[in-house]
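Chemist: Can you read through this structure? Questions will come right after.
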Amino acid sequence: MSELASATGGKKHYPNGLDMGEGNLRFPQIITVSTDAGRAWFARGWMHMLNYNHEEAAECFKTCTEVDPRCAMAFWGIGNTPELNLSFSDAMARLYDKYADDLDVAALYSESLMALNPWAMWVRKDVEATGEAEIVPVNGSTLIVKDVLERAMELPGGMEHPGILHLYCHLMELSDDPIAAMPAADTLRNNFRHAGHLTHMASHIDIWAGHYKAQAALDTNFTAIAADEATVEHTGVETSFYKGYRIHNVHMAVWAAMFTGQQDVAMEMARKLSAMLSPGDENSGIQFMLQGLIPMAIFWEPYTLVKWHAMIRFGLWDEIIAEPRDEDPALYPTSLTTAHYARGIAFASKGLVAEAEKEQAKYLEGMKNPALGGRMIHNNLIVSDEAPCLFKVGEAMLAGEIEYRKGNFETAFEHLREAVRLDTSLLYDEPWGWMVPSRHALGALLLEQDHIQEATEVFRADLKMYPSNMWGLLGLSQCLDKAGDPEAVEAKRRYDEASSTAESKPAATCFCAKVAGATSPTPCPV
-7 MSELASATGG KKHYPNGLDM GEGNLRFPQI ITVSTDAGRA WFARGWMHML NYNHEEAAEC
53 FKTCTEVDPR CAMAFWGIGN TPELNLSFSD AMARLYDKYA DDLDVAALYS ESLMALNPWA
113 MWVRKDVEAT GEAEIVPVNG STLIVKDVLE RAMELPGGME HPGILHLYCH LMELSDDPIA
173 AMPAADTLRN NFRHAGHLTH MASHIDIWAG HYKAQAALDT NFTAIAADEA TVEHTGVETS
233 FYKGYRIHNV HMAVWAAMFT GQQDVAMEMA RKLSAMLSPG DENSGIQFML QGLIPMAIFW
293 EPYTLVKWHA MIRFGLWDEI IAEPRDEDPA LYPTSLTTAH YARGIAFASK GLVAEAEKEQ
353 AKYLEGMKNP ALGGRMIHNN LIVSDEAPCL FKVGEAMLAG EIEYRKGNFE TAFEHLREAV
413 RLDTSLLYDE PWGWMVPSRH ALGALLLEQD HIQEATEVFR ADLKMYPSNM WGLLGLSQCL
473 DKAGDPEAVE AKRRYDEASS TAESKPAATC FCAKVAGATS PTPCPV
């Protein structure tokens, strides 16, 4: 029997073998508690809280109150009063002024400020002089958090504190300098391999820093997936809010595989994700998630679109057309509508314009499905008349692909430029809400029609958003080579390096291009 199980009287909730490293955490060792069992349960809850598994954390804190009813901190751990977030942050500021060298105080103070601007600590600001955008702090709290966390990391133990490192990765992934968080990311991936979300967090920095060659983002998520599956096995808790974090690990693995050109891995992970979202019944699956005060299906079902995006990335046109669809529009509105989008892209790329237009009509009709109301992937709505949304990107993309195949090139490019605008206007997400960068299609087709200068600009912008990605480097090297620019040699070298783990080398940045096997567009009548 493990030390924790022994201390808690052999509670079935945590059988022998599940060690998340909570024994190394300082905070549980200094709280006021009268029993070893209470301290052990608080330590486990604290570790789950740092790992963002809030339901399991609450269960552990609750058990702590049962074995030690006088442990006040266990009740603090259970408490959930978001309406007091501002007051809590003000109180933490005063506490930090008094105990600035305490790592747990620094972490809680930083988190309290970040909770006031979730996923919005930085904003993009247009610079009129250059026509580009720069990333700036949303307000003064951003720089306060940065200063607090960076100071904490310089203190003894700071670079081993999971809360400090986790928050710093979240802060810097949105900034113009994500690579500053790489040391924090590396510690999370290496030191907390049994805490799935903490391990996974490193991949946020890998992606935005352009670390594709080493496969760090992909391998890190494999480790995180295994850790979370072990937790599910030991706790027996499958359909909880933390399921979203488990989905997130697989989602990120698909994205990393797509960026590194690993088709088989991307499809394996995409199908794994779909299997996590089976129809089920009133006790499991999507049907179960549609019940309750907050139907979790509105958050999880949209991830069924991932497999369609993965197939589009690798130009699996015949497979898309043959792929079975989730036919129930009430259970799977996102999946079914995305299937029509993917089929439209596939038919257009094969030169079957009439079939593509039929799918386009079904896609536009599917966007009106009331079941899509409120559905979102993390920060972005699937459909919306007022805010940026995913399916509006698809609407412009599909229109552009169809018009291109008809030979209406200028109209096609107008639609594809609009797709890029909508794509890059989405709210921050990781993975990005639209998983196949729309610039890859626009750039490939511009290059095909010898619009070399604009295509070059498109790929440079893509590489600014996704540094060192193999697709952007491929497009840039092809543009520079076609223009006779000597920079093409260096771009090609960087592409070869970035694509070293790809299963095969693509001929273009989008399989909708003729050189990648798509059907030539029909010449527009003069």
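According to my numbering, the stretch in the sequence shown is residues -7 to 518, in order. Positions of the beta carbon are idealized from the N, C-alpha and C atoms, including for glycine. Treat the numbers as computed from the prediction; the structure is a model and nothing was measured.
Bridge partners for LEU373 per DSSP, in chain order?
Modeler: In the DSSP output, where bridge partners are listed per residue, LEU373 has MET368 and CYS381.
Chemist: Under a Cβ-count criterion, where at least 16 other Cβ atoms within 10 Å of its own Cβ denotes burial, should GLY467 be classed as buried or exposed?
Modeler: Answer is buried; the Cβ neighbour count reaches 16.
Chemist: Using a threshold of 8 Å, state whether the C-beta atoms of LEU190 and ALA144 are closer than that.
Modeler: Cβ atoms of LEU190 and ALA144: not closer than 8 Å.
Chemist: By the three-class DSSP mapping on this structure, what secondary structure does GLU479 have?
Modeler: Looking at GLU479 - three-state DSSP - the assignment turns out to be coil, as it is neither helix nor strand.
Chemist: Tell me the start and end of each unbroken alpha helix (DSSP H) in the stretch 270 to 349 that is at least 4 residues and wholly inside, in chain order.
Modeler: You should have 277 to 281, 289 to 292, 298 to 305, 309 to 314 and 325 to 341.
Chemist: Can you tell which of ILE156, GLY435 and LYS354 has its C-alpha closest to the C-alpha of HIS407?
Modeler: Of the listed residues, the one whose Cα sits closest to HIS407 is GLY435.
Chemist: Check this for me: beta carbons of PHE53 and GLY69, under 8 Å apart or not?
Modeler: Closer than 8 Å, so yes.
Chemist: DSSP three-state label for ILE23, please.
Modeler: Three-state result, ILE23: coil.
Chemist: Taking C-beta to C-beta, are ALA258 and ARG305 nearer than 8 Å?
Modeler: Yes.
Chemist: Return yes when the Cβ of ARG238 is within less than 8 Å of the Cβ of THR215, no when it is not.
Modeler: No, these two residues do not count as a Cβ contact at 8 Å.
Chemist: Measuring alpha carbon to alpha carbon, tell me which residue in GLU402, LEU356, PRO154 and GLU393 is nearest PHE383.
Modeler: Selected option, being the one with the closest Cα: LEU356.
Chemist: Could you pull the start and end residues of the alpha helix (DSSP H) that TYR88 belongs to?
Modeler: Segment 77 to 90, the alpha helix (DSSP H) holding TYR88.
Chemist: In the DSSP assignment, the alpha helix (DSSP H) including ILE217 goes from what residue to what residue?
Modeler: It spans 208 to 227 - the alpha helix (DSSP H) in which ILE217 sits, taken as one unbroken run.
Chemist: Taking 8 Å as the cut-off, decide whether the C-beta atoms of GLU47 and TYR234 are in contact.
Modeler: Yes, the pair counts as a contact, with Cβ atoms nearer than the cut-off.
Chemist: Give the DSSP-derived three-state secondary structure of PRO129 in the structure shown.
Modeler: Three-state DSSP puts PRO129 in a strand.
Chemist: Under 6 Å Cβ to Cβ from ALA112, same chain only, skipping five residues before and after it: list those, please.
Modeler: Cβ within range, chain order: VAL130.
Chemist: Reducing DSSP to helix, strand and coil, say where TYR354 ends up.
Modeler: Per the sequence shown, residue 354 should be read as Lys rather than Tyr. Helix at LYS354.
Chemist: Using the DSSP secondary-structure output, state which residues sit across from VAL115 in a beta bridge.
Modeler: Note: VAL115 sits in a beta bridge opposite VAL128.
Chemist: Could you round the C-beta distance between VAL462 and SER430 to whole angstroms and report it? I think they count as a contact, below 8 Å.
Modeler: According to the sequence displayed, residue 462 carries Met and not Val. Incorrect: roughly 17 Å between the Cβ atoms, too far for contact.
Chemist: Compare the C-alpha of GLY149 against each of PHE19, ASP310, ASP198 and ASN109 and name the closest.
Modeler: Out of PHE19, ASP310, ASP198 and ASN109, PHE19 has the C-alpha closest to the C-alpha of GLY149.
Chemist: Using 10 angstroms around the beta-carbon of LYS299, count the other beta-carbons present and answer buried if the total reaches 16, otherwise exposed.
Modeler: By the neighbour-count rule (16 or more Cβ atoms within 10 Å), LYS299 is buried.
Chemist: Run the CB neighbour count on TYR396, radius 10 Å, all protein chains shown included, and call it buried at 16 or more, exposed below.
Modeler: Counting Cβ neighbours within 10 Å, TYR396 comes out buried, since at least 16 surround it.
Chemist: What residues in its chain sit with their C-beta under 8 Å from that of THR448, if we drop five residues either side in the sequence?
Modeler: Hits under 8 Å: LEU468, CYS471, LEU472 and ALA475.
Chemist: Under 8 Å, with one C-beta from each stretch per pair, do the stretch 158 to 176 and the stretch 191 to 204 reach the 3-pair mark?
Modeler: At 8 Å Cβ cutoff, the stretches touch.
Chemist: When burial is assigned at 16 or more other CB atoms within 10 Å of the CB, is PRO478 buried or exposed?
Modeler: Classification for PRO478: exposed.
Chemist: From the DSSP output, in three-state form, read off GLU104 for me.
Modeler: According to the sequence shown, residue 104 is Ser rather than Glu. Three-state DSSP puts SER104 in a helix.
Chemist: Compute the minimum distance between the beta carbon of HIS240 and the heavy atoms of the ligand HEM, and state whether it is under 7 Å.
Modeler: Looking for the ligand HEM in the displayed structure turns up nothing, as the structure carries no ligands at all.
Chemist: Once the 5 residues before and after MET151 are set aside, which same chain residues still bring their CB inside 8 Å of it?
Modeler: Result list for MET151: MET145, LEU157, PRO175, ALA176 and THR179, in chain order.
Chemist: Exposed or buried, which one is ALA346 when buried takes at least 16 other CB atoms within 10 Å?
Modeler: By the neighbour-count rule (16 or more Cβ atoms within 10 Å), ALA346 is not buried but exposed.
Chemist: Where does ASN8 fall in DSSP's three states?
Modeler: A caution first: ASN8 carries a pLDDT of 40, below 50, which makes its placement in the model unreliable, though a value can still be read off. Correct three-state label for ASN8: coil.
Chemist: Give the secondary structure of MET427 by DSSP, where H, G and I count as helix, E and B as strand, and everything else as coil.
Modeler: In this structure, MET427 counts as coil in the three-state DSSP scheme.
Chemist: Check this for me: beta carbons of GLU422 and ILE127, under 8 Å apart or not?
Modeler: Taking 8 Å as the Cβ cut-off, GLU422 and ILE127 do not qualify as a contacting pair.
Chemist: Would you identify the three-state DSSP class for LEU147, choosing helix, strand or coil?
Modeler: Coil, per DSSP.
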